[in-house]
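Undergrad: One structure, as structure tokens, below. Some questions next.
There are 2 protein chains.
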Amino acid sequence: MAYELFYWPGIQGRGEFVRLALEAAGAPYVDVARERGAGRGVAAMTAMLGGRATPFTPFAPPFLRDGGVIVSHVANILLYLGPRLKLAPEDEASRLFAHGLQLTITDFIFEVHDTHHPISIELYYEDQKPTAKKRAAAFVDERLPKFLTWLERTLKRSGGESLLARGFSYVDLSAFQVVCGLQYAFPHAMARIARRIPRLLELRARVAGRRGIAAYLASDRRLPFNEEGIFRHYGELDAPA
Amino acid sequence: MAYELFYWPGIQGRGEFVRLALEAAGAPYVDVARERGAGRGVAAMTAMLGGRATPFTPFAPPFLRDGGVIVSHVANILLYLGPRLKLAPEDEASRLFAHGLQLTITDFIFEVHDTHHPISIELYYEDQKPTAKKRAAAFVDERLPKFLTWLERTLKRSGGESLLARGFSYVDLSAFQVVCGLQYAFPHAMARIARRIPRLLELRARVAGRRGIAAYLASDRRLPFNEEGIFRHYGELDAPA
């Protein structure tokens with residue numbers, strides 16, 4: 001039976017990390033809110049968030065349904081799908097490390113999101129722009145380099161081909177998405193840091209060329225980045241050097 | 242062999258969620274940075290973060306060492322410890338739900354932290370106080386009620402005694418810590434919302450009275466809340482109604 005992914009239509013957002021794993025593995029899945037029509041699909045999702053998902057009601061999208069199992073949060077979904085899609089290592093120590101890496105990426109994504117919403121997600125970006133400029137400046141100066149060079153060192157320690165020494169995993173797909181998103185949102189900052197993260201940029205290129213991923217990126221299932229998602233390009237948040 | 246918990250000394254912080262699980266179960270553990278002397282313990286932790294932890298180098302504390310296994314991130318550590326400490330349900334669907342709940346708590350903790358550090362963790366609170374007031378106001382008005390009433394509904398759905406219908410788990414301990422922390426940091430806001438979260442407040446009281454937890458809370462192992470941790474009390478961020 002096909003996996004059912006519940007996520008907002010119209011953005012890559014957090015759902016994209018799950019889509020990439022499903023696409024890389026060629027797994028059958030339904031992107032509910034997109035494929036069943038935005039109205040009906042979103043209504044189905046909202047009903048589940050409202051408690052119709054039996055005892056296992058999630059707090060927010062994305063969540064995945066696999067028969068009677070409901071899994072919420074990107075990292076949890078990838079933990080669940082990893083072994084099933086052959087995108088996770090087999091030994092426990094490596095799986096725990098992979099999950100820890102994914103949770104570090106989760107934290108980072110949160111910080112990316114806060115660059116354009118530093119005060120409240122209930123306010124428009126335009127209403128918090130002065131603060132966004134301060135937060136984005138701190139992000140670009142401190143957090144982005146800290147996080148990306150840490151991924152670079154992790155790649156170096158593992159041998160350089162993938163983040164886990166045991167081989168390709170869902171974490172590589174998530175790292176790919178992070179780099180793509182940052183290149184879209186902060187092209188100047190990413191150009192400045194490029195020479196410090198050669199392995200990470202090579203990983204990004206390798207992932208883009210993988211069979212399942214290359215086909216996905218060329219399809220209309222891959223939504224473009226836009227200013228409704230996590231990675232948004234606002235020129236005023238990405239000053240030239 | 243005793244578990245080794247690596248976390249900053251002097252604050253409850255994220256490490257506290259792990260300490261509560263270990264204490265509730267009466268499990269042997271070493272709180273490395275505190276018990277080996279802050280200097281030596283922190284040096285040991287820093288060395289591991291610097292890559293001496295073999296391939297599984299964490300991004301940040303807290304992390305747990307159990308023999309040859311290293312687990313980083315609170316939710317990952319609790320996922321690992323849950324079955325070992327008999328603080329997790331046995332069936333997979335419930336375990337996935339527990340982990341999803343813990344990850345929602347993780348997100349919420351991030352938002353709590355950002356109330357006093359909305360621009361950068363590299364700046365002092367005093368240097369971002371005007372923004373902190375705005376962020377905290379939005380947090381108290383929107384996010385705190387949204388999150389706590391969701392936990393309340395989850396308790397209601399599960400029968401009211403614990404967040405999982407299957408019985409007491411590490412997630413209840415984390416919910417306890419969240420409520421304690423918010424009562425310390427935002428006493429006015431918590432007083433205002435009290436009548437909307439009766440089950441959650443009862444859960445907090447029940448957890449405080451559990452054998453392992455009551456003894457822990459009365460010991461000097463339980464650090465007091467302070468203005469270096471996640472939950473900080475700044476009067477200007479918690480206006481009376």
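Going down the list, the protein sequences come from chains A and B.
Counting in the working numbering, the first sequence runs from 1 upward without gaps.
Counting in the working numbering, the second sequence runs from 242 upward without gaps.
Even for Gly, the Cβ is constructed at its ideal location relative to N, Cα and C.
Any beta carbon of chain A sitting closer than 8 angstroms to that of B/D355?
TA: yes
Undergrad: Along chain B, in chain order, which residues have C-beta atoms closer than 7 angstroms to that of A/F59?
TA: T345 and W391
Undergrad: Could you name the residues of the segment 356-389 of chain B whose beta carbon sits closer than 7 angstroms to any beta carbon of chain A, in the order they occur along the chain?
TA: Cβ contacts with chain A: P359, I360, S361, E363, T372, K375, R376, A379 and E383.
Undergrad: So, helix, strand or coil for B/F304, using DSSP?
TA: strand
Undergrad: According to DSSP, B/F247 sits in a beta bridge with which residue or residues?
TA: Paired residue(s): B/F304.
Undergrad: Are there 16 or more other CB atoms within 10 angstroms of the CB of A/P28, so buried, or fewer, so exposed?
TA: exposed
Undergrad: Return the bridge partner residues of A/D31 from the DSSP annotation.
TA: Answer is A/L5.
Undergrad: Quick check: what's the CA-CA separation for A/A205 versus A/R199?
TA: 10 angstroms
Undergrad: Would you call the segment 338-356 of chain B in contact with the segment 51-65 of chain A, where contact means no fewer than 3 C-beta pairs closer than 8 angstroms?
TA: yes
Undergrad: Taking Cβ positions, are B/I438 and B/T395 nearer each other than 8 angstroms?
TA: no
Undergrad: Can you pull the chain B neighbours of A/H99, defined as C-beta to C-beta under 8 angstroms?
TA: Chain B residues near A/H99: H314, N317 and L320.
Undergrad: Check whether the Cβ of A/Y7 sits closer than 7 angstroms to any heavy atom of the ligand COA, and report yes or no.
TA: The ligand COA is absent from the structure shown, which contains no ligands of any kind.
Undergrad: Does the segment 356-368 of chain B come close enough to the segment 406-415 of chain B that 3 or more CB-CB pairs lie under 8 angstroms?
TA: no
Undergrad: Kindly list, in the order they appear in chain A, the residues whose Cβ is closer than 8 angstroms to that of B/F351.
TA: Going along chain A in sequence order, the residues near B/F351 (Cβ under 8 angstroms) are D107 and F110.
Undergrad: Kindly identify the DSSP beta-bridge partner or partners of A/V69.
TA: A/D66
Undergrad: Cβ of B/V271 less than 8 angstroms from any chain A Cβ?
TA: Taking Cβ atoms only, chain A never reaches closer than 8 angstroms to B/V271, which makes this a no.
Undergrad: Return the CA-CA distance between A/A214 and A/P9, expressed in angstroms with no decimal places.
TA: Rounded to whole angstroms, A/A214 to A/P9 spans 22 angstroms at the Cα level.
Undergrad: Along chain A, which residues have their Cβ under 8 angstroms away from the Cβ of B/G395?
TA: Note that residue 395 of chain B is Thr in the sequence shown, not Gly. Result: T57.
Undergrad: With a Cβ-Cβ cutoff of 8 angstroms, do B/A426 and B/F472 count as a contact?
TA: Contact: yes.
Undergrad: Counting only Cβ pairs nearer than 9 angstroms, list the residues of chain B close to A/L209.
TA: Note that residue 209 of chain A corresponds to Gly in the displayed sequence, not to Leu. Those do not exist, as A/G209 stays about 26 angstroms from chain B at its closest Cβ, beyond 9 angstroms.
Undergrad: How big is the Cα-Cα spacing for B/C421 and B/E264?
TA: 17 angstroms
Undergrad: So, under 8 angstroms CB-CB, A/A136 and B/E363 are touching, yes? Tell me the CB distance rounded to an integer number of Å.
TA: Not quite, the Cβ-Cβ distance comes to about 14 angstroms (not below 8 angstroms), so this is no contact.
Undergrad: List, in order along the chain, the chain A residues whose C-beta lies closer than 8 angstroms to that of B/G309?
TA: A93
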